[in-house]
Amino acid sequence: MMAESDANALRTGLNPSGNRVRWYQRKRRVPGTQMSTLQQKRLLSLQLIADDLKAHSGRRQRHNRRDIYQFGVLTGGGMKAWIDAFPTYFGEPFSGELWGFDSFEGMPEEDAALRYDRHKNDPAWLAGGLNAAEHLNLTSWPALRAKLVQNIGHLPAQTHLIRGFFNESLRGGRGFANELGMRPAFLVDIDADLYTSTREALCFLLDAGILVPGTFVYYDDIGHWEWRVMDSGDRFPLRNATSQEIMWKNITHLEERLAHDEVTRIYGL
Ligand SMILES: C[S@@+](CC[C@H](N)C(=O)[O-])C[C@H]1O[C@@H](n2cnc3c(N)ncnc32)[C@H](O)[C@@H]1O
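25 is the number that this note's numbering gives to position 17 of the sequence shown; each next residue is one higher, with no gaps.
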């Protein structure tokens with residue numbers, strides 16, 4: 009169960025000392041709270057999104073007419089984090105549709121060359137790892153689905169879980185998206201970890217007209233220091249860089265970051 013201080017931080021955006029929760033990654037927790045990394049990263053991202061929308065007042069209300077998509081749902085904690093944090097920054101609960109995509113039976117096979125060394129033997133990154141059905145000890149899909157919807161905490165009629173490996177579940181492309189009534193995305197949460205899965209998700213979203221100008225894309229595995237490094241390009245200020253930033257500047261990127269780089273290049277984004 010979430011500690012009261014964490015629930016308050018999620019609701020108010022303030023930590024127990026009354027300070028605004030800040031963009032913060034070095035330690036694994038928001039100072040003074042027991043909020044999980046999963047919650048903290050999404051809470052702080054929503055804060056940045058709200059700030060961006062405030063700075064562009066014409067875009068303020070767009071979240072009411074658009075949906076939230078997540079690729080890699082597992083047991084629903086990340087989706088719940090968005091739903092819980094929404095009223096803090098938008099003054100009202102999220103009222104659109106939630107779309108969650110997952111096999112709910114774990115990770116697919118992935119070529120080891122497309123995983124960072126530290127993930128090559130990590131069971132969570134191997135085929136069958138992070139199996140939601142196993143985590144929740146529920147084998148029947150209706151029971152698992154009901155539990156996931158309950159975990160997420162959004163309106164059940166507006167919580168859509170698409171079960172299957174992406175190479176099959178997304179195969180229908182734009183026709184499939186239209187048939188189910190998927191609208192342009194307010195927010196896309198990419199948390200499927202692997203290069204191939206991320207690439208499949210991004211191509212589907214772009215081909216189906218779901219990821220459109222103004223959509224916010226959250227990558228769970230691309231940290232804020234990486235975006236700082238990417239944004240600065242050749243002007244990367246090595247003098248002020250942290251060791252983490254230097255590492256990110258110099259390594260060959262894989263997984264979610266490789267898919268992001270490739271897809272944005274291919275689609276000219
Ligand atoms: C890191 S977990 C997601 C964690 C989740 N977002 C949360 O907040 O707890 C990754 C999930 O992606 C799913 N996944 C990865 N690649 C997939 C694919 N190609 N097709 C379907 N599901 C996939 C796995 O089943 C797993 O549940």
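For every residue, glycine included, the Cβ atom is placed at its ideal position computed from N, Cα and C.
Residue interval of the beta strand (DSSP E) (run including residue i)
i, result
"His168", "167-171"
Separation of residue j from residue i, as counted between CA atoms
i, j, result
"Arg34", "Leu156", "At Arg34 the pLDDT is 36, less than 50, meaning the model places this residue with poor confidence and gives no usable figure here."
"Ala132", "Gly222", "33 Å"
"Leu122", "Thr45", "24 Å"
"Ser177", "Met115", "14 Å"
"Ala165", "Glu234", "37 Å"
"Thr272", "Phe98", "29 Å"
"Arg211", "Ala185", "In the sequence on display, residue 211 carries Cys and not Arg. Distance between the alpha carbons of Cys211 and Ala185: 13 Å."
"Ile274", "Ala267", "10 Å"
"Leu262", "Gly86", "22 Å"
"Tyr32", "Ile170", "In this predicted model, Tyr32 has a pLDDT of only 41, less than 50, meaning its place in the structure is not dependable enough to derive any value."
"Leu214", "Leu144", "32 Å"
"Thr206", "Gln78", "11 Å"
"Gly276", "Glu270", "10 Å"
"Leu188", "Gly172", "16 Å"
"Pro95", "Asp199", "23 Å"
"Tyr134", "Phe194", "Strictly speaking, residue 134 in this sequence is Leu, with Tyr absent from that position. Taking the straight line from one Cα to the other gives about 31 Å."
"Val81", "His64", "31 Å"
Which of helix, strand or coil DSSP assigns to residue i
i, result
"Asp215", "helix"
"Leu46", "helix"
"Met87", "helix"
"Asp60", "helix"
"Gly181", "helix"
"Phe102", "coil"
"Asp92", "helix"
"Leu277", "coil"
"Arg123", "coil"
"Thr260", "coil"
"Met238", "helix"
"Leu210", "helix"
"Leu202", "coil"
"Pro116", "coil"
"Asn186", "helix"
Paired residues, beta bridge with residue i - DSSP
i, result
"Phe224", "Leu195"
"Gln78", "Gly108, Asp197"
Endpoints, the alpha helix (DSSP H) within which residue i is located
i, result
"Trp149", "149-160"
"Ala267", "263-274"
"Ala141", "140-144"
Minimum Cβ-Cβ distance from residue i to chain C less than 9 Å
i, result
"Asp199", "Included in the structure is just one protein chain, with no chain C present."
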